[in-house]
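In our numbering, the protein residues as written are 473 to 934. By construction, the Cβ of each residue, glycine as well, lies at the ideal position given by its N, Cα and C atoms.
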Amino acid sequence: MTATDVVTGSDPLLDELEAWLTANWDPELTVAEWWERLGLAGWSAPSLPEDSYGHSVSRSDAIRVQQTIAGSGALGAPAGLGLLLAAPTIVAHGTREQIDTYVRDIVTGRQAWCQLFSEPSAGSDLAGLQTKAVRDGDEWTVNGQKVWTSGGQYSDLGMLLARTDPEVPKHQGITYFAFPMLQSGVEVRPLREMTGRALFNEVFMTDARVSDDAVIGGVDRGWAVANTTLMNERTGLGSGGGSIMGSGALPGTVAGHLERRAGDFAAQPKQPKGKRTAATKQAGAQPKGGPAGNEGESSALRAMGRGADLMIELARGSVAASDPSIRQDLARLYTLGELGRLNALRLKAAKESGSDIPGMPNIAKLSMSQITRLSREVGLGILGAAGMLHGYDAEGRAQLIEAGGNPRNALVTEMALLSPAPSIYGGTDQIQRNIIGERILGLPKEPGGERTTPFADLPKNA
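Now the structure itself:
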């Protein structure tokens, strides 16, 4: 950006995007046709490299791109774990052929992805996973169980970690696969949460198959690949990190949205084309997304990153707005959100100058856990006694509204019930602190021989 751009308020990136949207957005296209245009033009995942279906922009600029698309009234990118995790991981570790196969189908919404990492006995200690993959000619046979698999019921492919060599230390014998979900050896079972929804799943693999050319990053080298995925996950889930919920349409062949009209999923324009508001220009604010999704998708997940904005809206017109403790917590919530936004800008500036801020994704993840807990306390404080009532399905939510409840109440109570999750998924808060302590501050690692003892010789479930 030049000095002239700063003086005039011009933003070449968003000017280019707005011109492209004016020329290309057509609500009568199918979702698949629109996502094909958006993805191949580099606007679905603009933070990816230019030679890998992106524009090589920073993460904060990518968020502004999402906001501009939503603000124009066009359908947003085919968001989900494919864009958030699989695409940047494959770009970093995959072959050119894998990028052109997998990443192309991600940015155009043709394939939906899930994450097959955690297991019943391998959560925080992910390297203790026991799902096995055994080579069989030019394929691998997979047996095992995964758990807490977000979106598994809609996914075409999964980011699978499997043990391929139990005779080496546990971090060394793991391989990362692009695993086909739609096969007879895979069973997906929903897990019902206390919110009433089923966002997560168990996945059972029994003699399932995956091709050898679906190995990402090399056989037995999956731990390094997995760390790239995890770092992108922590960055995306952290404060100031953006949103994985880009639109009301779901990517992939299972959900059945690809052949539907794109305009049916698009949000209403928030401002005239070419007129960017201060909120749109703000690098760390959250996109609002499209219409509410199906019963398996939580609006609370889409709202979590809004933090103070959502709670301030809720407090307006409420007697709680005059409560000094509520006002103080709203100020704290706003401050935490601003710190996340500014940290994202600090990281952007550091990377543009060729440096980095070690541990920032972990700090952002910890901050989001704190924001979510505080949002729970503030939200329930504003609702008062109404916060004890929750609709666990569509019928229950409708009954509460009919009985005189505020439609926003269901969002607040769902966020409250979901609030423990951010401190667990994507690596627990304790794991984030361990990483900061050991890798960033140089504190001694936990004692023990797990990094030198073959996995087969380690005690299990210890």
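Check: In whole angstroms, give me the CA-to-CA distance for S530 and V537.; Outcome: 11 Å
Check: Could you say if the region 806-820 and the region 868-879 meet the contact criterion of at least three C-beta pairs nearer than 8 Å?; Outcome: no
Check: Got a sec? Which residues, its chain only, sit under 6 Å from A564 by beta carbon, not counting five neighbours each side?; Outcome: T700
Check: Please state the DSSP three-state secondary structure of E922.; Outcome: coil
Check: Could you pull out every residue in the same chain whose Cβ sits closer than 8 Å to the Cβ of L861, ignoring the five residues on either side in sequence?; Outcome: L872, G877, N881 and T885
Check: Is the region 840-849 in contact with the region 801-809, if contact means three or more CB pairs nearer than 8 Å?; Outcome: yes
Check: Tell me whether the beta-carbon of Q583 lies closer than 8 Å to the beta-carbon of L553.; Outcome: no
Check: Of the residues Y897, L557 and G708, which one's Cα is nearest the Cα of W620?; Outcome: Y897
Check: What are the uninterrupted segments assigned as alpha helix (DSSP H) that are 4 or more residues long and contained completely in the region 673-702, given in chain order?; Outcome: none
Check: By how many angstroms is the C-alpha of E824 removed from the C-alpha of P894?; Outcome: 29 Å
Check: In three-state terms, what does DSSP make of D781?; Outcome: helix
Check: Please classify P919 as buried or exposed, where buried requires at least 16 other C-beta atoms within 10 Å of its C-beta.; Outcome: exposed
Check: Let me confirm a value: A549 is counted as buried when at least 16 other C-beta atoms fall within 10 Å, else exposed. Which label applies?; Outcome: buried
Check: Assuming V660 contacts Q625 under a Cβ cut-off of 8 Å, what Cβ separation, rounded to an integer in Å, is found between them?; Outcome: 5 Å
Check: Assign S797 to buried or exposed, taking buried as 16 or more other Cβ atoms, counted over all protein chains shown, within 10 Å of its Cβ.; Outcome: exposed
Check: Cβ atoms of A594 and T636: under 8 Å apart, would you say?; Outcome: no
Check: For R982, count neighbouring C-beta atoms within 10 Å of its own C-beta (all shown protein chains included) and say buried if the count is 16 or more, exposed if not.; Outcome: Since the first and last residues shown for the chain are 473 and 934, residue 982 lies out of range.
Check: Based on DSSP bridge pairs, tell me the residues matched to L510.; Outcome: Answer is none; L510 lacks a bridge partner.
Check: Could you check where the beta strand (DSSP E) with Y648 kicks off and where it finishes?; Outcome: I646 to P652
Check: With a threshold of 8 Å on Cβ separation, who are the neighbours of S891 within its own chain once the five nearest residues in sequence on each side are excluded?; Outcome: T844, R845, S847 and R848
Check: Measuring CA to CA, which of D679, G859, G853 and A517 is closest to I784?; Outcome: G853
Check: Quick check on L512: buried or exposed, where buried means 16 or more other Cβ atoms within 10 Å of its Cβ?; Outcome: exposed
Check: Is any heavy atom of the ligand ADP found at a distance shorter than 7 Å from the C-beta of T636?; Outcome: The ligand ADP is not part of the structure shown, which contains no ligands of any sort.
Check: I need the straight-line Cα distance from G851 to T667, nearest angstrom please.; Outcome: 16 Å
Check: Apart from the five residues just before and just after Q904, which ones in its own chain have a Cβ nearer than 6 Å to its Cβ?; Outcome: N834, K837 and L838
Check: Between D498 and V726, what straight-line distance do the alpha-carbon atoms span, to the nearest angstrom?; Outcome: 24 Å
Check: Grouping DSSP H, G and I as helix and E and B as strand, with all else coil, what is D572?; Outcome: helix
Check: Mind pulling the alpha helix (DSSP H) runs of 4 or more residues that sit fully within the region 530-616?; Outcome: 531-544, 559-565 and 576-579
Check: Provide the residue span of the beta strand (DSSP E) that contains G630, from first to last.; Outcome: L629 to R635
Check: Look up R661 in the DSSP assignment and say whether it is helix, strand or coil.; Outcome: strand
Check: Pick out whichever of R576, A495, S596 and S528 has its Cα sitting closest to the Cα of T900.; Outcome: S596
Check: Across which residues does DSSP place T502 in a beta bridge pair?; Outcome: R733
Check: Need the endpoints of the alpha helix (DSSP H) that A816 sits in, please.; Outcome: P796 to E824
Check: Count the other C-beta atoms from every protein chain shown that fall within 10 angstroms of the C-beta of E500, then say buried if there are 16 or more, exposed otherwise.; Outcome: exposed
Check: Ignore the nearest five residues each way along the sequence and tell me which others in M630's own chain have a CB closer than 6 Å to its CB.; Outcome: For the sequence presented, residue 630 should be read as Gly rather than Met. Excluding residues within five positions, the ones whose Cβ falls inside 6 Å are C586, L588, F651 and M653.
Check: Which class does F927 belong to by DSSP, given the choice of helix, strand or coil?; Outcome: helix
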